[in-house]
Structure formats: C-alpha cells, structure tokens
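Enquirer: This is the structure I want to talk about, given as structure tokens.
Protein chains: 2
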Amino acid sequence: MKVNPRVQKTYEALFLLEDLREILRETSPDHKLNREQEERFKKILSELKKNLEEIENNEGDARIRYITDRIELRAKEEEFININPIQAGGRLTREGRKALIAYGDGYSICDYCFKPFRLDFIKRPPVHDFYQELAEFVGMDQARVVRGARRGFQIVASSLLRKGDIVLISSLGHYSLALAIESVGAIWKEIPLNEKNIITAENTQKKIESVKEEMGKFPSLIAISHIDYMFGNEHDVSGIAKIAHEYEIPFLYNGAYTVGVMPVNGKKIGADFVVGSGHKSMASPAPTGVLAVTDEFSKKVFKTTELSGDVTGREFGIKEVYLLGCTVMGAPLIAMMASFPMVKERVKHWDEELKKSNYFIREFLKIRGNRVVSEMPRKHTLSRVDSTASFDKIAKKHKRRGYFLHDELAKRKITGIFPGATKQFKLNTYGLTWDQIKYLGNAFREIAEEYGI
Amino acid sequence: MKVNPRVQKTYEALFLLEDLREILRETSPDHKLNREQEERFKKILSELKKNLEEIENNEGDARIRYITDRIELRAKEEEFININPIQAGGRLTREGRKALIAYGDGYSICDYCFKPFRLDFIKRPPVHDFYQELAEFVGMDQARVVRGARRGFQIVASSLLRKGDIVLISSLGHYSLALAIESVGAIWKEIPLNEKNIITAENTQKKIESVKEEMGKFPSLIAISHIDYMFGNEHDVSGIAKIAHEYEIPFLYNGAYTVGVMPVNGKKIGADFVVGSGHKSMASPAPTGVLAVTDEFSKKVFKTTELSGDVTGREFGIKEVYLLGCTVMGAPLIAMMASFPMVKERVKHWDEELKKSNYFIREFLKIRGNRVVSEMPRKHTLSRVDSTASFDKIAKKHKRRGYFLHDELAKRKITGIFPGATKQFKLNTYGLTWDQIKYLGNAFREIAEEYGI
Numbered sequence: 001m002k003v004n005p006r007v008q009k010t011y012e013a014l015f016l017l018e019d020l021r022e023i024l025r026e027t028s029p030d031h032k033l034n035r036e037q038e039e040r041f042k043k044i045l046s047e048l049k050k051n052l053e054e055i056e057n058n059e060g061d062a063r064i065r066y067i068t069d070r071i072e073l074r075a076k077e078e079e080f081i082n083i084n085p086i087q088a089g090g091r092l093t094r095e096g097r098k099a100l101i102a103y104g105d106g107y108s109i110c111d112y113c114f115k116p117f118r119l120d121f122i123k124r125p126p127v128h129d130f131y132q133e134l135a136e137f138v139g140m141d142q143a144r145v146v147r148g149a150r151r152g153f154q155i156v157a158s159s160l161l162r163k164g165d166i167v168l169i170s171s172l173g174h175y176s177l178a179l180a181i182e183s184v185g186a187i188w189k190e191i192p193l194n195e196k197n198i199i200t201a202e203n204t205q206k207k208i209e210s211v212k213e214e215m216g217k218f219p220s221l222i223a224i225s226h227i228d229y230m231f232g233n234e235h236d237v238s239g240i241a242k243i244a245h246e247y248e249i250p251f252l253y254n255g256a257y258t259v260g261v262m263p264v265n266g267k268k269i270g271a272d273f274v275v276g277s278g279h280k281s282m283a284s285p286a287p288t289g290v291l292a293v294t295d296e297f298s299k300k301v302f303k304t305t306e307l308s309g310d311v312t313g314r315e316f317g318i319k320e321v322y323l324l325g326c327t328v329m330g331a332p333l334i335a336m337m338a339s340f341p342m343v344k345e346r347v348k349h350w351d352e353e354l355k356k357s358n359y360f361i362r363e364f365l366k367i368r369g370n371r372v373v374s375e376m377p378r379k380h381t382l383s384r385v386d387s388t389a390s391f392d393k394i395a396k397k398h399k400r401r402g403y404f405l406h407d408e409l410a411k412r413k414i415t416g417i418f419p420g421a422t423k424q425f426k427l428n429t430y431g432l433t434w435d436q437i438k439y440l441g442n443a444f445r446e447i448a449e450e451y452g453i
Numbered sequence: 001m002k003v004n005p006r007v008q009k010t011y012e013a014l015f016l017l018e019d020l021r022e023i024l025r026e027t028s029p030d031h032k033l034n035r036e037q038e039e040r041f042k043k044i045l046s047e048l049k050k051n052l053e054e055i056e057n058n059e060g061d062a063r064i065r066y067i068t069d070r071i072e073l074r075a076k077e078e079e080f081i082n083i084n085p086i087q088a089g090g091r092l093t094r095e096g097r098k099a100l101i102a103y104g105d106g107y108s109i110c111d112y113c114f115k116p117f118r119l120d121f122i123k124r125p126p127v128h129d130f131y132q133e134l135a136e137f138v139g140m141d142q143a144r145v146v147r148g149a150r151r152g153f154q155i156v157a158s159s160l161l162r163k164g165d166i167v168l169i170s171s172l173g174h175y176s177l178a179l180a181i182e183s184v185g186a187i188w189k190e191i192p193l194n195e196k197n198i199i200t201a202e203n204t205q206k207k208i209e210s211v212k213e214e215m216g217k218f219p220s221l222i223a224i225s226h227i228d229y230m231f232g233n234e235h236d237v238s239g240i241a242k243i244a245h246e247y248e249i250p251f252l253y254n255g256a257y258t259v260g261v262m263p264v265n266g267k268k269i270g271a272d273f274v275v276g277s278g279h280k281s282m283a284s285p286a287p288t289g290v291l292a293v294t295d296e297f298s299k300k301v302f303k304t305t306e307l308s309g310d311v312t313g314r315e316f317g318i319k320e321v322y323l324l325g326c327t328v329m330g331a332p333l334i335a336m337m338a339s340f341p342m343v344k345e346r347v348k349h350w351d352e353e354l355k356k357s358n359y360f361i362r363e364f365l366k367i368r369g370n371r372v373v374s375e376m377p378r379k380h381t382l383s384r385v386d387s388t389a390s391f392d393k394i395a396k397k398h399k400r401r402g403y404f405l406h407d408e409l410a411k412r413k414i415t416g417i418f419p420g421a422t423k424q425f426k427l428n429t430y431g432l433t434w435d436q437i438k439y440l441g442n443a444f445r446e447i448a449e450e451y452g453i
C-alpha cells in the first residue's frame with residue numbers, strides 16, 4: 001500500500017535529524033567536525049532540504065521501509081484512522097512526542113536527583129509537582145506513577161494480601177488484575193454480571209456473603225473496573241464501594257479506561273485505591289500507570305523499607321518497598337508529564353467524545369443486521385459490535401473470508417479492528433475529530449452497500 | 001550558559017516536524033487541509049527551512065527553552081561530555097532514537113498481536129526473535145524483557161522465596177535488590193567484602209555457614225553483582241556460583257553494569273538467573289531490563305497462570321503469573337530492540353573501553369593528591385575517585401565550596417559528577433571517543449593547574 005508522501009517524508013526528515021544529532025553527540029563538546037563528519041553533515045543537510053521540498057509538494061518515493069534491521073516504520077496514526085480498542089487513549093500528544101525525543105536516553109530525568117534520592121522528589125523536570133497534580137486529578141490524597149496499571153494492582157496486592165486471601169473481581173475483570181492477585185498467592189473470585197452485563201452493588205453483596213459462607217472468611221479486597229475492556233460498559237463503582245465499606249473491605253477502583261479520558265474522583269466514588277493506565281488512557285508510552293490512595297492506606301501501600309544490612313548496617317531510607325524504589329525513571333514518565341496538561345484538559349470534553357461515539361454507533365446500526373453488544377446509549381468510546389447478520393454473511397462466501405472486512409477498511413485507510421473478525425469485534429472512537437468520525441461511519445456504510453447488505 | 005546553535009536548531013527542527021506530524025494526524029486519512037491547517041503547515045515549513053539554514057551556518061537564537069509547561073529541553077548528550085555514573089550505558093543509539101519517534105504511542109508494538117496474545121509471540125516487529133537473541137546474548141536458555149532489572153529481581157524472588165527465607169547479597173548490593181527481597185517478605189543478609197572491596201567465594205561460603213548456624217537454615221538464593229555500583233569493582237561471580245551450587249543454592253547473576261556493555265555468558269559463569277538493565281547498560285529507555293534463566297528454572301520463574309474463574313470458568317492461558325503477562329509493550333521495548341544490533345557489536349569492543357577508562361584514570365592520577373578508590377587497574381568504566389587531598393582542599397576555601405569543581409567542569413562542557421562532591425565521587429567513561437577521553441583528562445588537569453594543585 002502506498003504511503004502518503006508527506007507522511008513518509010516527515011519521517012525521513014525526523015530520522016535525518018537524528019543522524020545529524022548523532023554527529024553532534026560524537027563531536028561534543030567542541031563540535032569540531034573532521035572531514036568524514038563534515039561530509040556526512042553536508043549530505044544530511046542536503047537530503048533534509050530535499051525532504052522539505054518533497055513535503056511541501058507532497059511528492060517523492062519512500063526511501064525508508066525499515067528503521068533498522070527488521071523494525072518497520074510505523075505510521076498508523078498518520079496514515080489511518082485507528083480505531084484499535086486499546087490504542088486510542090494512549091496515542092501521544094504532540095508535546096509527549098517532543099519530550100520523548102529530548103528525554104529518550106535511559107536515566108534522562110535523573111540529572112537533578114538529589115537527596116533523598118527518590119523519583120517523586122525530583123524538581124527539575126517537575127516530577128514532584130506532577131505527582132501532586134496527579135493525586136488531585138483523580139481525587140485522591142497521594143499518587144505514584146507505576147510501571148503500568150498491572151503493577152498498581154500488584155503493589156496493592158503485595159501490601160494488603162496474604163496467601164489464600166480472597167479478592168473479588170468482576171466477571172469481566174482484566175487478566176492482569178487476576179495475575180497480580182495470583183502472583184502474591186491470593187485467590188480471585190468473580191462477581192456475576194447482571195442480565196445487562198453490568199456488575200451491580202447487589203451482586204457484589206451476594207458474592208461477599210457467598211464467599212463468607214463457602215470459605216469461612218470475607219474477601220480482603222474488591223477490585224472493579226469502572227469501564228470494562230470487553231463491552232466498554234459502565235459498572236456501578238459507587239454502589240459497589242458503598243457495599244465494600246459496609247463490610248469494611250477495601251475497594252480498588254480500576255480506571256484503566258477512565259483515568260485520563262473522563263473525569264474521575266476517587267474519593268467521591270468511595271475508592272481506597274485508584275489505578276489508571278498511562279498507555280491505555282493517559283496519552284503516554286507503555287509501561288506507565290498511576291496508583292493513587294487515600295491517606296488511610298498510604299502508609300501501608302507506600303511502606304518504606306524496614307530492613308538493614310547485617311554487616312554494613314546500611315538502610316535505604318525512604319525507598320518504598322512495594323514500589324521497589326523509583327518506578328518509571330525516563331522517557332515514558334517525561335512523555336506522560338508532557339501530555340498531562342492536555343490530558344487534564346481533554347477529560348473536560350468527555351461529553352463530546354460520547355456524542356461522537358454514539359453518532360458513529362447510530363451510523364453503524366443503520367447497516368441492516370448490525371447490532372451493538374455494549375449497553376446503549378454508549379457511555380464510553382470503546383464498543384463491542386456484532387455483524388453476524390451482516391458482514392459475517394459476506395465473509396462466509398468471500399475468498400478472503402473474514403479478512404475481507406479488514407481489507408475493505410484498510411483500503412479506506414481505517415485500521416484497528418481485529419483482522420478476520422466479522423462476528424463480534426471491538427472498536428474505539430476516542431480522540432477522532434468529527435470529520436474522522438463521519439468518514440468512519442461512511443466507510444462502514446459504503447462497504448455494506450458495496451456488498452449489497 | 002549559551003547552547004550551541006546547531007544543537008538548539010536541531011531540536012527546534014525535530015519539534016517543528018512533530019508539529020507538522022500533528023497536522024498529518026489531525027487530517028488523516030485524506031490529509032485535506034482546511035485554511036487554518038494550511039496556514040499552520042506553511043508556517044511550519046518556512047520555519048523549518050530557516051532552521052536548516054541556521055544549522056548549516058551554526059547560528060541563530062534559541063527559540064525553545066521549555067518543551068511544554070516546565071519541562072526543559074535536555075541536550076546533555078549533545079552539549080556536554082556526560083560522565084554520569086549511571087547514564088553512560090543507557091544512552092540511546094541513533095536507531096533507538098528513531099524507533100522511539102515512530103513507536104512512541106502507548107500500545108504501538110501491539111498492532112500485530114495475534115494468538116496466543118503474548119508479547120514475546122509478536123513477530124512484527126520481531127519481538128519473538130529478539131527474545132531468542134537476547135537469551136543467546138547472555139548465554140542462557142530463555143529470556144524475557146522485564147520492566148527494569150529490579151522487576152527481574154522481584155520476579156525471581158516471587159517465584160522462589162517464601163516469607164522469612166534468606167537471600168545473600170553483597171555488602172555492595174543495590175537497594176533495588178534488597179527491596180525486591182523485602183517486598184515478598186524474605187530477608188537479605190550481606191556477604192562481607194574482603195580488604196580489596198571484593199566479594200569472594202570464600203566469604204560467601206563463610207556466610208552460608210554462619211547463616212545456617214544462626215538461623216538454622218540455608219539461604220534460599222544468592223544474588224551478586226558482577227560489577228558493583230559503588231566502586232565498579234569486579235566480583236568473583238564464577239567462584240561464588242560454584243560455592244552456591246555446592247550447597248544447591250540458586251545463583252542470580254546481577255549484570256546491571258555488564259549485560260550490554262561487556263560479553264556475558266551466564267551458563268559459563270554458572271548462573272541460574274541473569275538480570276540485566278536496559279537503561280543502565282543496553283542503550284535503552286527506562287524502565288527496561290532482561291531476565292534470563294536456565295531451562296531448569298524456567299517453569300518455576302515463568303510459571304503460567306493456574307487459576308480460573310469461579311463464575312465464568314475462564315482461564316488466561318499462557319500468561320506468565322510473576323511477569324504479570326505482557327511486560328514492556330511499547331516505546332521502550334522497540335528502542336531496546338533497535339539498539340540491540342549495536343549493543344551486540346559494542347560488547348566485542350569492551351577491551352577498548354577499558355583502555356580508555358584506564359587512560360583517563362592515569363591522567364586523573366597525575367594530579368597531585370588524587371586517588372582512585374576502585375580496584376586498579378580498572379576492569380570497568382565506572383570508577384570511584386578521591387580528591388580529598390586535591391580538589392577538596394580548594395573547595396574548603398572557595399566561595400562556591402565543593403560546587404566549584406562542578407562549575408569548572410561545566411564551564412568546559414563536562415557534566416555528570418555529583419554537584420558539590422569533591423571528596424569522593426563516581427564517574428563513567430563508557431562510550432566516549434578517544435578525543436572525548438583526552439579532552440576529559442585535559443580538563444581535569446587544567447582545572448588542577450588553574451587552582452595551583
């Protein structure tokens with residue numbers, strides 16, 4: 001498939017500038033160029049000039065396919081409308097991408113790490129302030145950046161659970177939550193969905209009671225996604241938190257699909273812990289997440305080290321045991337920080353995202369046979385749809401089988417649905433402009449029309 | 001301090017291209033520009049052209065100080081010779097930086113994630129092959145990328161240790177190893193250094209025996225750095241592994257300062273586990289690391305999930321419990337992969353790095369009063385030096401106190417020693433060219449001369 005010349009040439013220019021930057025690194029600090037470097041420098045500059053012309057005129061053949069070895073160029077977000085269910089909220093902002101360029105090197109944000117030598121005390125870049133703002137952003141007392149939401153789950157699990165303890169999760173709970181619980185030797189049990197695929201306070205209470213009856217003890221933790229990954233349905237986290245507290249069971253709010261895209265106030269919901277995902281919903285690179293807690297639990301979850309050296313007597317001060325000290329030290333953190341002002345802004349426009357989500361879904365439903373498996377109207381941009389009675393009928397007779405839909409979408413520069421899926425699949429409209437939303441709706445309808453659905 | 005115009009303008013050009021890329025994202029897939037976008041586009045292009053001229057002529061005022069909000073531009077590697085002890089081996093390669101640009105978005109490397117849905121099965125980009133090569137690279141049977149070396153320690157600790165178990169670490173063991181052990185409820189004990197600040201097999205054996213005597217049980221794990229973070233000394237990992245095996249105690253080789261800079265063959269050393277650090281020694285962004293094991297331990301450490309849903313009956317297949325499933329999914333992994341060919345190459349030139357390290361140290365020792373606290377000759381590029389009898393004497397009378405040395409080095413565009421330190425400090429010459437090494441040696445001698453040392 002032909003790549004848009006402008007996209008291609010923009011990448012080429014970015015890479016040429018990295019070639020140039022490499023010379024600056026080789027020759028630092030005086031930047032005297034030897035003959036070979038001088039020639040290289042000139043060649044890069046002349047190619048760059050050509051590139052700019054090509055960008056201007058939207059022309060030119062692709063010179064780069066692989067960045068290096070077998071790593072292809074990736075231009076999904078420039079070339080396509082990407083409706084991948086898990087990728088939408090993690091697309092970087094422009095500022096995030098710039099920060100990544102400047103702070104890519106390993107320990108890049110540790111230049112000004114002074115006593116007490118802990119990531120969240122760094123003031124330059126303003127990591128310290130960022131942590132404060134993060135806590136406020138999710139309506140909790142304290143926050144830490146962690147190496148992904150799953151590490152957030154595990155940190156809570158490590159600090160709270162003993163072997164054999166029981167944790168209630170949703171029947172739609174994410175596997176990483178289940179693994180985090182299993183990794184500390186605890187056991188997860190599922191709260192059943194109601195007939196609308198929603199976890200309710202009522203079912204939570206029933207499950208608490210049945211666990212007590214069956215296992216002779218109450219669950220030690222309840223951990224529920226506000227929005228699940230399967231349907232993008234909203235679950236009654238406030239009601240569940242209330243029940244949890246009646247039984248004095250701590251409640252973990254899983255905001256992997258909410259923190260960073262919609263307003264979240266953990267304390268208002270009644271959460272003891274809020275976990276969010278940077279790469280899922282905070283316009284950040286993986287592996288990043290946020291773990292926020294109330295003051296009540298902060299000492300336990302953010303416990304500092306208690307052991308000391310039997311030979312040397314040394315201690316590790318205020319290093320936090322379950323966090324393993326500093327968490328995300330480099331590129332991903334700075335990109336998360338750089339994206340944050342925009343993230344704080346964008347959650348205010350969640351209503352608009354829902355309008356776009358529902359608009360697209362309405363368009364999608366105009367195709368005969370199409371269904372939406374998620375709750376309606378949509379309360380999230382992630383939706384699970386069903387085209388068993390439409391696209392899948394075509395797939396049955398098409399020589400490319402289920403891949404035909406993926407092909408047809410790709411032809412229209414739309415990507416992100418699971419290749420081959422025509423029965424049920426997920427998509428996420430988050431962050432698309434109205435033009436893109438309309439284009440997307442039209443594309444599906446056009447395909448349906450073309451195949452006589 | 002005035003930034004070199006070329007450095008500044010290269011950054012500006014990179015950022016302008018990101019501004020341009022943002023337009024391509026907004027207007028994807030047809031890239032029709034509205035009037036406002038058209039104007040923005042033209043403005044960016046014209047600024048870019050100006051930038052190229054300025055780069056060519058090495059001129060122009062800085063237009064960017066902050067990337068966004070309070071995040072400053074970082075040009076340490078372009079402006080300075082950076083001898084920061086922990087940053088040298090984690091500087092990105094040119095290919096790593098390019099990959100980071102293309103794959104910054106959250107789940108960027110998951111585009112082609114198909115059954116069985118696990119990171120290390122992804123073939124495009126070639127994650128699967130990378131994992132194989134990684135295992136081979138460190139001379140072990142199986143490898144996984146993990147979210148930092150500390151997570152590597154913790155994964156081994158989780159899979160091997162029970163509450164109250166004892167782990168022997170070095171008296172120079174890193175705090176993150178200590179925390180990883182503490183985080184699973186186990187206890188770390190220290191092996192004493194010998195008079196040369198080296199951990200020996202003999203002292204290891206003594207400690208095993210004394211633990212047995214005192215605690216009534218043998219240690220469950222021995223975890224030792226090949227090169228420590230404090231002196232950059234080499235410890236007798238082969239001898240220690242041999243003793244460990246005599247007692248049937250598993251041995252973890254901590255290669256945070258070796259894997260990626262010097263050749264490492266885990267099995268030859270006798271390691272059951274090899275842990276490396278991406279951001280410390282593999283030219284990768286944080287938080288990345290490698291955990292490699294022998295076949296004997298792979299089932300235990302990379303255990304797959306065993307629980308299933310009590311309501312839904314669902315299972316999570318081959319997801320690895322202690323790894324929490326997929327580990328480093330995005331930008332940091334792709335940069336690690338992109339840097340890897342160069343990393344494989346560079347370990348072959350470790351001898352040359354040692355030559356440069358020892359050359360610099362000899363120059364440094366020509367200054368009267370200077371000492372080296374690390375073992376001699378240097379077997380690593382990280383060294384701890386002592387200038388109590390030279391620079392520190394100046395510091396005592398200088399109005400900037402110990403900061404004078406940092407200031408003088410900064411004036412000469414050298415960065416990375418701890419600000420204010422004039423008694424003992426660490427530095428790392430890894431990756432510097434011979435020109436830079438000589439410049440560095442001269443700079444120290446020049447400062448000494450200037451202050452009459």
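These protein sequences, in sequence, are chains P and U. My numbering numbers the first residue of the first sequence as 1 and each following residue consecutively. My numbering numbers the first residue of the second sequence as 1 and each following residue consecutively. In this text, a Cβ means the ideal position worked out from N, Cα and C, and glycines have one as well. The structure presented is a predicted model; accordingly, all values stated were derived computationally and were not measured.
Below 7 Å CB to CB, which residues in the same chain sit around P/Lys356 once its five sequence neighbours on both sides are set aside?
Expert: Excluding sequence neighbours, P/Lys356 sits near Thr429, Leu432, Trp434 and Ile437.
Enquirer: Can you list, in chain order, the residues of its chain with a C-beta nearer than 7 Å to that of P/Glu72? Leave out the 5 residues immediately preceding and following it.
Expert: Cβ within range, chain order: Arg65 and Tyr66.
Enquirer: Starting from P/Gly239, trace the alpha helix (DSSP H) in both directions and tell me its first and last residue.
Expert: That run of the alpha helix (DSSP H) goes Val237 to Glu246.
Enquirer: By DSSP's criteria, U/Tyr112 is part of a beta bridge. Which residues make up the other side?
Expert: Beta-bridge pairing links U/Tyr112 to no other residue.
Enquirer: Please determine if the stretch 345-353 of chain U and the stretch 307-317 of chain U are in contact, where contact requires at least 3 C-beta pairs separated by less than 8 Å.
Expert: Too few Cβ pairs lie closer than 8 Å, so no.
Enquirer: Should U/Thr327 and U/Arg147 be called a contact, given that it needs their Cβ atoms to be closer than 8 Å?
Expert: The answer is yes: Cβ separation under 8 Å.
Enquirer: Are the stretch 37-44 of chain U and the stretch 366-385 of chain U touching, with three or more C-beta to C-beta distances below 8 Å?
Expert: The answer is no - the stretch 366-385 of chain U does not touch the stretch 37-44 of chain U, with fewer than three Cβ pairs under 8 Å.
Enquirer: Ignoring anything shorter than 3 residues, give me the beta strand (DSSP E) runs that lie fully in the stretch 133-193 of chain U, in order along the chain.
Expert: With a minimum length of 3 residues, the continuous beta strand (DSSP E) runs that stay inside the stretch 133-193 of chain U are 142-146, 166-170 and 187-191.
Enquirer: If I'm right that U/Ala338 touches U/Ala99 with Cβ under 8 Å, what's the distance once you round it to whole angstroms?
Expert: Confirmed, about 4 Å.
Enquirer: Could you tell me the distance, in whole angstroms, from the CA atom of P/Leu52 to the CA atom of U/Asn58?
Expert: Cα-Cα distance, rounded: 19 Å.
Enquirer: Answer yes or no: does any C-beta atom of chain P fall closer than 8 Å to that of U/Tyr257?
Expert: False, the Cβ-Cβ gap to chain P never drops below 8 Å.
Enquirer: Take U/Ala331 and list the residues in its own chain whose beta-carbon comes closer than 6 Å to its own, dropping the five residues that flank it on each side.
Expert: Hits under 6 Å: Leu100, Tyr103 and Gly104.
Enquirer: Write down every uninterrupted run of the beta strand (DSSP E) in the stretch 344-398 of chain U whose length is 3 residues or greater and which is fully enclosed by it, in chain order.
Expert: Counting whole runs of 3 or more residues, the stretch 344-398 of chain U contains the beta strand (DSSP E) stretches 382-386.
Enquirer: What first and last residue would you give for the beta strand (DSSP E) that runs through P/Ala201?
Expert: Element bounds for P/Ala201: not the beta strand (DSSP E) but the alpha helix (DSSP H), Ala201 to Met215.
Enquirer: What residues in the stretch 292-311 of chain P have a beta carbon less than 9 Å from any beta carbon of chain U?
Expert: Residues passing the 9 Å Cβ filter: Thr305, Glu306, Leu307, Gly309, Asp310 and Val311.
Enquirer: Just grab the DSSP bridge partners of U/Glu66 for me.
Expert: At residue 66 of chain U the sequence reads Tyr, which differs from the Glu that was named. Beta-bridge pairing links U/Tyr66 to U/Glu72.
Enquirer: Kindly indicate the opening and closing residues of the alpha helix (DSSP H) around P/Gln424.
Expert: Unbroken run through P/Gln424 is the beta strand (DSSP E), Gln424 to Asn428; no alpha helix (DSSP H).
Enquirer: Return the CA-CA distance between U/Tyr247 and U/Phe153, expressed in angstroms with no decimal places.
Expert: One C-alpha to the other measures close to 21 Å.
Enquirer: Would you check if there are 3 or more beta carbon pairs closer than 8 Å linking the stretch 29-37 of chain U to the stretch 109-124 of chain U?
Expert: As far as the Cβ criterion goes, the stretch 29-37 of chain U does not touch the stretch 109-124 of chain U, which means the pair count is below three.
Enquirer: Residues in its own chain within less than 6 Å of P/Tyr229 by CB, not counting five upstream and five downstream?
Expert: Closer than 6 Å at the Cβ level, and outside the excluded window around P/Tyr229, lie His174.
Enquirer: Does the beta carbon of P/His235 sit closer than 8 Å to a beta carbon anywhere in chain U?
Expert: Chain U, which has no Cβ nearer than 8 Å to the Cβ of P/His235, makes this no.
Enquirer: Counting along the chain, where does the alpha helix (DSSP H) carrying P/Asn442 start and finish?
Expert: P/Asn442 -> alpha helix (DSSP H) spans Trp434 to Glu450.
Enquirer: Could you tell me whether the stretch 358-373 of chain P touches the stretch 172-192 of chain U, using the rule of 3 or more Cβ pairs below 8 Å?
Expert: Taking 8 Å as the limit for Cβ pairs, the verdict is that the stretch 172-192 of chain U does not touch the stretch 358-373 of chain P.
Enquirer: Taking a contact to mean a Cβ-Cβ separation below 8 Å, would you say U/Pro219 touches U/Ile166 in this structure?
Expert: A contact, by the Cβ cut-off of 8 Å.
Enquirer: Checking 8 Å against the spacing of the C-beta atoms, do U/Arg14 and P/Leu168 come in under that value?
Expert: According to the sequence shown, residue 14 of chain U is Leu rather than Arg. The answer is no: Cβ separation not under 8 Å.
Enquirer: Examine chain P for any beta-carbon lying closer than 8 Å to the beta-carbon of U/Lys212, and answer yes or no.
Expert: It does not; no Cβ of chain P falls within 8 Å.
Enquirer: Just checking: is the beta-carbon of P/Ile81 within a distance shorter than 8 Å of some beta-carbon in chain U?
Expert: Cβ-Cβ to chain U under 8 Å: yes for P/Ile81.
Enquirer: Span of the alpha helix (DSSP H) holding P/Ala410?
Expert: Tyr403 to Lys411 is the span of the alpha helix (DSSP H), which, as asked, contains P/Ala410.
Enquirer: Name, please, each residue of chain U whose Cβ falls closer than 8 Å to the Cβ of P/Thr433.
Expert: In chain order: Glu26.
Enquirer: Starting from the beta carbon of U/Thr10, find every residue of chain P whose beta carbon is closer than 7 Å, and list them in chain order.
Expert: Result: Leu17, Leu20, Arg21 and Leu24.
Enquirer: Apart from the five residues on each side of it in sequence, which residues of its chain come closer than 6 Å, Cβ to Cβ, to P/Phe316?
Expert: Contacts found: Thr305.
Enquirer: Using DSSP with H/G/I as helix, E/B as strand and the rest coil, what is P/Phe251?
Expert: Reduced to three states, the DSSP call for P/Phe251 is strand.
Enquirer: For U/Tyr322 and P/Met329, I'd like the C-alpha separation in whole angstroms.
Expert: Rounded to the nearest angstrom, the two C-alpha atoms are 22 Å apart.
Enquirer: Looking at U/Ile222 and U/Ala186, is the spacing between their C-beta atoms short of 8 Å?
Expert: The answer is no: Cβ separation not under 8 Å.
Enquirer: Using a Cβ-Cβ cut-off of 8 Å, state whether U/Ser225 counts as contacting chain P.
Expert: With 8 Å as the cut-off, U/Ser225 does not count as an interface residue toward chain P.
Enquirer: Closest by CA to U/Thr312, which one among P/Asn82, P/Ser170, P/Arg368 and P/Ser28?
Expert: The shortest Cα separation from U/Thr312 among P/Asn82, P/Ser170, P/Arg368 and P/Ser28 belongs to P/Ser170.
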